[in-house]
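Take 5 as the starting number for the sequence shown in the numbering used here and just add one per residue. Don't be surprised by glycine CBs; every beta carbon is placed ideally from N, CA and C. Contents: one structure, followed by commentary.
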Amino acid sequence: MSLRVNYDDLEIIGFDGGGIEMFNYEGQPFTGIVVSMKDGVVYTEEEYQNGYKEGLQKEYFFTSGVLRFEFTVRNNNLNGVFKTWDENGNLVKQSNWKDGAKIS
Numbered sequence: 005m006s007l008r009v010n011y012d013d014l015e016i017i018g019f020d021g022g023g024i025e026m027f028n029y030e031g032q033p034f035t036g037i038v039v040s041m042k043d044g045v046v047y048t049e050e051e052y053q054n055g056y057k058e059g060l061q062k063e064y065f066f067t068s069g070v071l072r073f074e075f076t077v078r079n080n081n082l083n084g085v086f087k088t089w090d091e092n093g094n095l096v097k098q099s100n101w102k103d104g105a106k107i108s
């Protein structure tokens, strides 16, 4: 099971040579899931590996908690399917990405 922490518990340790933000948790590069909340409602869930955003990323509507976006980040680029839903939970858009470039 992945470690799951609140975004506010992470420490921004700076930027790497490519300008990418890096995060620590309890003094170590963070690996796990970061949750951001507003008024007690989860609005993002983001996977991190070794201090970098890497893996599945999700954003939810504030008002309903329904999934709004879902996509995957690999090496700081969009990769795979980017999905968008409306507030009723209907899939309204889908696109495919590879190494940060939209391919369909």
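Is it buried or exposed for Glu91, if we count other Cβ within 10 angstroms and need 16 for buried? The count along the sequence shown starts at 1 and reaches residue 91 at position 87. With a threshold of 16 other beta carbon atoms within 10 Å, Glu91 falls short and is exposed.
Label Gly55 either buried or exposed according to how many other C-beta atoms from any shown protein chain fall within 10 Å of its C-beta, with 16 as the threshold for buried. Counting from one through the sequence shown, the residue named residue 55 turns up at place 51. Buried: at least 16 other Cβ atoms inside 10 Å.
Through-space distance from Ile24 to Phe86, alpha-carbon basis: Locating residue 86 in the sequence shown gives position 82, where the first residue counts as 1. Locating residue 24 in the sequence shown gives position 20, where the first residue counts as 1. Roughly 21 Å separates the two Cα atoms.
Inspect the CB distances between the stretch 67-86 and the stretch 28-37 and report whether three or more fall short of 8 Å. At 8 Å Cβ cutoff, the stretches do not touch.
Can you give the Cα-Cα distance for Ala105 and Gly36, rounded to whole angstroms? Taking the first residue of the sequence shown as 1, we reach residue 105 at position 101. Taking the first residue of the sequence shown as 1, we reach residue 36 at position 32. Between Ala105 and Gly36, the alpha-carbon positions lie close to 26 Å from each other.
Just to confirm, is the Cβ distance from Thr88 to Lys102 under 8 Å? Residue numbering aside, residue 88 sits at position 84 when the sequence shown is read from its first letter. Residue numbering aside, residue 102 sits at position 98 when the sequence shown is read from its first letter. Cβ atoms of Thr88 and Lys102: not closer than 8 Å.
Nearest by alpha-carbon distance to Tyr11: which of Gly21, Gly22, Val38 and Ile17 is it? Locating residue 11 in the sequence shown gives position 7, counting from the first residue. Shortest Cα-Cα distance from Tyr11 to any of Gly21, Gly22, Val38 and Ile17 involves Val38.
Anyone know if the C-beta pair for Val46 and Gly59 falls short of 8 Å? The residue given as residue 46 occupies position 42 in the sequence shown. The residue given as residue 59 occupies position 55 in the sequence shown. Gly59 sits away from Val46, with the two beta carbons spaced by 8 Å or more.
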